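> Shown below is the structure under consideration.
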Amino acid sequence: MPSWIGAVILPLSGLLLSFPAGADVKARSCGEVRQAYGAKGFSLADIPFQEIAGEHLRICPQEYTCCTTEMEDKLSQQSKLEFENLVEETSHFVRTTFVSRHKKFDEFFRELLENAEKSLNDMFVRTYGMLYMQNSEVFQDLFTELKRYYTGGNVNLEEMLNDFWARLLERMFQLINPQYHFSEDYLECVSKYTDQLKPFGDVPRKLKIQITRSFIAARTFVQGLTVGREVANRVSKVSPTPGCIRALMKMLYCPYCRGLPTVRPCNNYCLNVMKGCLANQADLDTEWNLFIDAMLLVAERLEGPFNIESVMDPIDVKISEAIMNMQENSMQVSAKVNRTTLSKTETCASDLSPLPSLAFFSHCDDCTRTAIDSVFQGCGQPKPAPALRSARSAPENFNTRFRPYNPEERPTTAAGTSLDRLVTDIKEKLKLSKKVWSALPYTICKDESVTAGTSNEEECWNGHSKARYLPEIMNDGLTNQINNPEVDVDITRPDTFIRQQIMALRVMTNKLKNAYNGNDVNFQDTSDESSGSGSGSGCMDDVCPTEFEFVTTEAPAVDPDRREVDSSAAQRGHSLLSWSLACTVLALQRLCR
Numbered sequence: 020m021p022s023w024i025g026a027v028i029l030p031l032s033g034l035l036l037s038f039p040a041g042a043d044v045k046a047r048s049c050g051e052v053r054q055a056y057g058a059k060g061f062s063l064a065d066i067p068f069q070e071i072a073g074e075h076l077r078i079c080p081q082e083y084t085c086c087t088t089e090m091e092d093k094l095s096q097q098s099k100l101e102f103e104n105l106v107e108e109t110s111h112f113v114r115t116t117f118v119s120r121h122k123k124f125d126e127f128f129r130e131l132l133e134n135a136e137k138s139l140n141d142m143f144v145r146t147y148g149m150l151y152m153q154n155s156e157v158f159q160d161l162f163t164e165l166k167r168y169y170t171g172g173n174v175n176l177e178e179m180l181n182d183f184w185a186r187l188l189e190r191m192f193q194l195i196n197p198q199y200h201f202s203e204d205y206l207e208c209v210s211k212y213t214d215q216l217k218p219f220g221d222v223p224r225k226l227k228i229q230i231t232r233s234f235i236a237a238r239t240f241v242q243g244l245t246v247g248r249e250v251a252n253r254v255s256k257v258s259p260t261p262g263c264i265r266a267l268m269k270m271l272y273c274p275y276c277r278g279l280p281t282v283r284p285c286n287n288y289c290l291n292v293m294k295g296c297l298a299n300q301a302d303l304d305t306e307w308n309l310f311i312d313a314m315l316l317v318a319e320r321l322e323g324p325f326n327i328e329s330v331m332d333p334i335d336v337k338i339s340e341a342i343m344n345m346q347e348n349s350m351q352v353s354a355k356v357n358r359t360t361l362s363k364t365e366t367c368a369s370d371l372s373p374l375p376s377l378a379f380f381s382h383c384d385d386c387t388r389t390a391i392d393s394v395f396q397g398c399g400q401p402k403p404a405p406a407l408r409s410a411r412s413a414p415e416n417f418n419t420r421f422r423p424y425n426p427e428e429r430p431t432t433a434a435g436t437s438l439d440r441l442v443t444d445i446k447e448k449l450k451l452s453k454k455v456w457s458a459l460p461y462t463i464c465k466d467e468s469v470t471a472g473t474s475n476e477e478e479c480w481n482g483h484s485k486a487r488y489l490p491e492i493m494n495d496g497l498t499n500q501i502n503n504p505e506v507d508v509d510i511t512r513p514d515t516f517i518r519q520q521i522m523a524l525r526v527m528t529n530k531l532k533n534a535y536n537g538n539d540v541n542f543q544d545t546s547d548e549s550s551g552s553g554s555g556s557g558c559m560d561d562v563c564p565t566e567f568e569f570v571t572t573e574a575p576a577v578d579p580d581r582r583e584v585d586s587s588a589a590q591r592g593h594s595l596l597s598w599s600l601a602c603t604v605l606a607l608q609r610l611c612r
């Protein structure tokens, strides 16, 4: 061996022996990084045993490093994947809130309609038997249209309910006048006098108000839950920009490249990275909070005057009450008919208007005209039925009295809950979901698996080394990221996808505002949004409260104690046969002319 080689080796060996044992080896070893890197599922073939020069690095500091180019690329993709999972996990609560509560409310509402229809069917089968079953499609169509409206069908509630009462009048008009044959045109003419004659009393008007505003509120509320669910699902699936991915890599995995795999990012450093990456999501917060506020207000309506359960639960008794009103009105008129004479008829005939209403008879005690006479005057004389048919009288089934109502007979609603309990639960969850999007960075960065926490500000990764993070924390939102020190954010290009979600929330909030005031936005005149036309008339006497202003007036009475309703119905359970007796005045009518 040449002498000069020995001269070099001896001083170097002496220099190595002068360092503490293991100090240099530990500083340059990549053992901890290899262990942490392998735990992520990566191949150890990519990683060196000792630090190497870092000129090849594109994201992390170009100093001595444990990362190769392949490692930096893989860890960069890993940081993107972990960020996406973090956002999805952090928004899990709000997503599950809307998914589960939408399912629960939808299940409850559908079962409520099914129970109401079943209750009405059972009650009318017991009461009218075959006569009801032969005409049950009138009531089936009512519930079919209510369900279609709830599921988003283009149904005008007011027109649909008017059609129901008109059809019911047509059917009953035929049943109580079996001695006549009525054509379709004639029956259509009869239905035109429903509002004028008011054969069912005030029940149709009250029920229309109650049904329209409660159904509008219920449908809009469940639509709101749907929109909230869809927006939350979409927004929670983030697509980080290249600038965001670089910042995530630098924050999460550059410590690996520096040989510090156990050192976590500083809390404030994490906040700036997350605020830059989630700047557009934070802009969603304002419209989201307005949406949640509108949902809470409609929820309060559902608990109070727009309670759909208090409307649908007694709907069978309400319709029965309307039929009782028709019977009662006919009995009053028939009593007058029995007390009058032909001469009085001639006197009264001269005072008749072309189409008198039932109110006319309370004014003219000597009058013998009936509501049916009014229809005959307006629609013309019907054709007599064949001899066999004309011999029949009004069906005796109408003389049946209603059985007293037994609350235990009514089916329980969905999952045995009530609307009040369901809405209360939803309200509590909705309140917790406010400001969820602007809070995402804070929620993520307080996770101990992500950062070193606020109590360890000196021993954390600041993007360059293990030391305190000095830059100030940015405010929320896209425009406030112009000077973000960690993420390159183009504040001139808002995320189109997020803007679409903002618009969806804005449209839904407007619908909720209308529903709060009893108006259905789908049927409003677009030239005047405050008109409340179409299905929007959920207000008493055409007076609506100021938008988002709480009123103390309650909904029209819905007879909370259904037994009292049934009892009064039983007391008024007179036969509709009296309507056919009124038709005997036709002979007197001819003399009036």
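Going by the numbering used here, the first residue of the sequence shown is number 20, and it counts up by one from there. The C-beta atom is built at its ideal place from N, Cα and C for all residues, glycine as well. Keep in mind it's a predicted model, so treat the numbers as computed, not measured.
(1) Quick check: the region 465-480 against the region 315-334, are there 3 or more CB pairs under 8 Å?
(2) Please list, in chain order, all residues of the same chain as GLY472 whose beta carbon is under 7 Å from its beta carbon, the five residues on each side excluded.
(3) With distances taken Cα to Cα, identify the nearest neighbour of ALA185 among PHE117, PRO223, VAL52.
(4) DSSP state of THR528, grouped into three classes?
(5) Among LEU489, ALA55, ALA64, ARG277, which has the Cα closest to the Cα of GLU82?
(6) Could you tell me the alpha carbon to alpha carbon distance between ASN503 and ARG512, rounded to whole angstroms?
(7) In its own chain, which residues sit with a C-beta less than 6 Å from the C-beta of GLU164, not counting the 5 before and 5 after it?
(8) Are the region 146-159 and the region 258-273 touching by the rule of at least three beta carbon pairs closer than 8 Å?
(9) How would you call ILE445, buried or exposed, if buried means at least 16 neighbouring beta carbons within 10 angstroms?
(10) Can you tell me where the alpha helix (DSSP H) holding GLU51 begins and where it ends?
(11) Mind listing, in chain order, the continuous alpha helix (DSSP H) runs of no fewer than 4 residues lying wholly within the region 436-460?
(12) At the level of alpha carbons, what is the spacing between ARG320 and PHE201?
(13) Please state the DSSP three-state secondary structure of HIS121.
(14) Find the nearest neighbour of ASP92 within the set ARG232, THR443, PRO261, PHE128, judged by alpha-carbon distance.
(15) Output the distance between the C-alpha atoms of ASP302 and PRO67, rounded to the nearest integer angstrom.
(16) Which residue marks the beginning of the alpha helix (DSSP H) containing ASP160, and which one marks its end?
(17) Nearest to ILE195 by alpha carbon, out of THR515, ASN536, ALA404?
(18) Would you report the Cα separation of LYS530 and VAL455, rounded to the nearest angstrom?
(19) Which residues in the same chain have their Cβ closer than 7 Å to the Cβ of LEU109, if we skip the five residues on either side of it in sequence?
(20) Would you decide whether ASP332 is buried or exposed? Buried here means 16 or more other CB atoms lie within 10 Å of its CB.
(21) Around the Cβ of ARG10, are there at least 16 other Cβ atoms within 10 angstroms (buried) or fewer (exposed)?
(22) How close, in whole Å, do the beta carbons of ILE334 and ALA135 come, if the pair is a contact with beta carbons under 8 Å?
(23) Can you round the beta-carbon distance between PHE162 and LEU132 to whole angstroms, since I take them to be within the 8 Å contact cut?
(24) Taking ASN499 as part of the alpha helix (DSSP H), name the residues at either end of that continuous run.
(25) Just to confirm, is the Cβ distance from GLU505 to GLY537 under 8 Å?
(26) Around the Cβ of ALA14, are there at least 16 other Cβ atoms within 10 angstroms (buried) or fewer (exposed)?
(27) Under 8 Å, with one C-beta from each stretch per pair, do the region 292-306 and the region 201-215 reach the 3-pair mark?
(28) Roughly how many whole angstroms lie between the Cα atoms of PHE219 and CYS398?
(29) Are the CB atoms of TYR169 and ARG265 within a distance shorter than 8 Å?
(30) With H, G and I counted as helix, E and B as strand and the rest as coil, what does DSSP make of GLN81?
(31) Roughly how many angstroms separate the alpha carbons of GLU207 and ILE342, rounded to a whole number?
(32) Using the C-alpha atoms, what's the distance from GLU126 back to LEU279?
(33) For LEU139 versus PHE158, is the C-beta distance shorter than 8 Å?
(34) Rounded to the nearest angstrom, what separates PHE128 and LYS453 at their Cα positions?
(35) Got a sec, what are the start and stop residues for the alpha helix (DSSP H) ARG283 sits in?
(36) Measure the Cβ-Cβ separation of GLY247 and PHE143 and say whether it is below 8 Å.
According to the data block:
(1) They do not touch, by the three-pair rule.
(2) On the sequence shown, position 453 is the one that residue 472 refers to. Excluding positions up to five away in sequence, the list reads ASN286.
(3) Sequence index remark: in the sequence shown, residue 185 carries index 166 (1-based). With distances taken between Cα atoms, ALA185 lies closest to PRO223.
(4) Counting from one through the sequence shown, the residue named residue 528 turns up at place 509. Correct three-state label for THR528: helix.
(5) Position 63 of the sequence shown, counting from 1, holds the residue named residue 82. Per the Cα distances, ARG277.
(6) Within the sequence shown, the letter at position 484 stands for residue 503. Within the sequence shown, the letter at position 493 stands for residue 512. Taking the straight line from one Cα to the other gives about 16 Å.
(7) Locating residue 164 in the sequence shown gives position 145, counting from the first residue. Answer for GLU164: VAL174, MET179, listed in chain order.
(8) In short, these stretches do not touch, since the Cβ pair count stays below three.
(9) As a first step, residue 445 is located in the sequence shown; it is residue number 426 there, counting from the start. Buried: at least 16 other Cβ atoms inside 10 Å.
(10) Counting from one through the sequence shown, the residue named residue 51 turns up at place 32. Segment 50-58, the alpha helix (DSSP H) holding GLU51.
(11) List check, alpha helix (DSSP H) in window: 438-451.
(12) The sequence position of residue 320 within the sequence shown is 301, counting from 1. The sequence position of residue 201 within the sequence shown is 182, counting from 1. So the alpha carbons of these two residues sit roughly 45 Å apart.
(13) Along the sequence shown, read from residue 1 onward, the residue named residue 121 stands at position 102. HIS121 falls in the helix class under three-state DSSP.
(14) In the sequence shown, counting from the first residue as 1, residue 92 sits at position 73. Minimum Cα distance to ASP92 is reached at PRO261.
(15) To locate residue 302, count along the sequence shown from 1; it is residue 283. To locate residue 67, count along the sequence shown from 1; it is residue 48. Note on geometry: alpha-carbon atoms of ASP302 and PRO67 lie some 44 Å from one another.
(16) Indexing the sequence shown from 1 puts residue 160 at position 141. Annotation for ASP160: the continuous alpha helix (DSSP H) segment containing it runs 156-169.
(17) What you label residue 195 is simply residue 176 of the sequence shown in a count that begins at 1. Comparing C-alpha distances from ILE195 to each of THR515, ASN536, ALA404 shows the shortest one belongs to ALA404.
(18) Residue 530 sits at position 511 when you count from the first residue of the sequence shown. Residue 455 sits at position 436 when you count from the first residue of the sequence shown. Taking the straight line from one Cα to the other gives about 22 Å.
(19) As a position in the sequence shown, residue 109 is number 90, starting the count at 1. Sequence check: residue 109 is Thr here, not Leu. Only LEU459, THR462, ILE463 meet the Cβ criterion.
(20) Taking the first residue of the sequence shown as 1, we reach residue 332 at position 313. It is buried - the Cβ of ASP332 has at least 16 other Cβ atoms within 10 Å.
(21) What is shown of the chain runs 20 to 612, which leaves residue 10 out entirely.
(22) In the sequence shown, the residue the question calls residue 334 occupies position 315. In the sequence shown, the residue the question calls residue 135 occupies position 116. In this structure ILE334 is in contact with ALA135, their Cβ atoms being roughly 5 Å apart against a cut-off of 8 Å.
(23) Counting from one through the sequence shown, the residue named residue 162 turns up at place 143. Counting from one through the sequence shown, the residue named residue 132 turns up at place 113. With a Cβ gap of about 6 Å, PHE162 and LEU132 count as contacting.
(24) Along the sequence shown, read from residue 1 onward, the residue named residue 499 stands at position 480. Unbroken run through ASN499: none, as it is neither H nor E.
(25) The sequence position of residue 505 within the sequence shown is 486, counting from 1. The sequence position of residue 537 within the sequence shown is 518, counting from 1. In this structure, GLY537 does not lie closer than 8 Å to GLU505 by Cβ.
(26) Outside the modelled stretch of the chain, which goes from 20 to 612, sits residue 14, for which no answer is possible.
(27) The region 292-306 vs the region 201-215: no contact.
(28) Numbered from 1 along the sequence shown, position 200 holds the residue referred to as residue 219. Numbered from 1 along the sequence shown, position 379 holds the residue referred to as residue 398. So the alpha carbons of these two residues sit roughly 20 Å apart.
(29) Numbered from its first residue, the sequence shown carries residue 265 at position 246. Numbered from its first residue, the sequence shown carries residue 169 at position 150. Remark: C-beta atoms of ARG265 and TYR169 do not approach each other more closely than 8 Å.
(30) By 1-based counting over the sequence shown, the position of residue 81 is 62. GLN81: coil per DSSP, three-state reduction.
(31) For the purposes of this step, residue 207 is identified with residue 188 of the sequence shown, where counting begins at 1. For the purposes of this step, residue 342 is identified with residue 323 of the sequence shown, where counting begins at 1. Approximately 20 Å between the Cα atoms of the pair.
(32) Numbered from its first residue, the sequence shown carries residue 279 at position 260. Numbered from its first residue, the sequence shown carries residue 126 at position 107. Whole-angstrom Cα-Cα distance: 53 Å.
(33) Position 120 of the sequence shown holds residue 139. Position 139 of the sequence shown holds residue 158. Against a cut-off of 8 Å, the Cβ pair of PHE158 and LEU139 comes out as a contact.
(34) Position 109 of the sequence shown, counting from 1, holds the residue named residue 128. Position 434 of the sequence shown, counting from 1, holds the residue named residue 453. When rounded, the distance between both Cα atoms is 26 Å.
(35) Here residue 283 corresponds to residue number 264 of the sequence shown, with the count starting at 1. Note, ARG283: premise wrong, no alpha helix (DSSP H); not H, not E.
(36) Looking up residue 247 in the sequence shown gives position 228. Looking up residue 143 in the sequence shown gives position 124. For the pair GLY247 and PHE143, the CB atoms are not nearer than the 8 Å cut-off.
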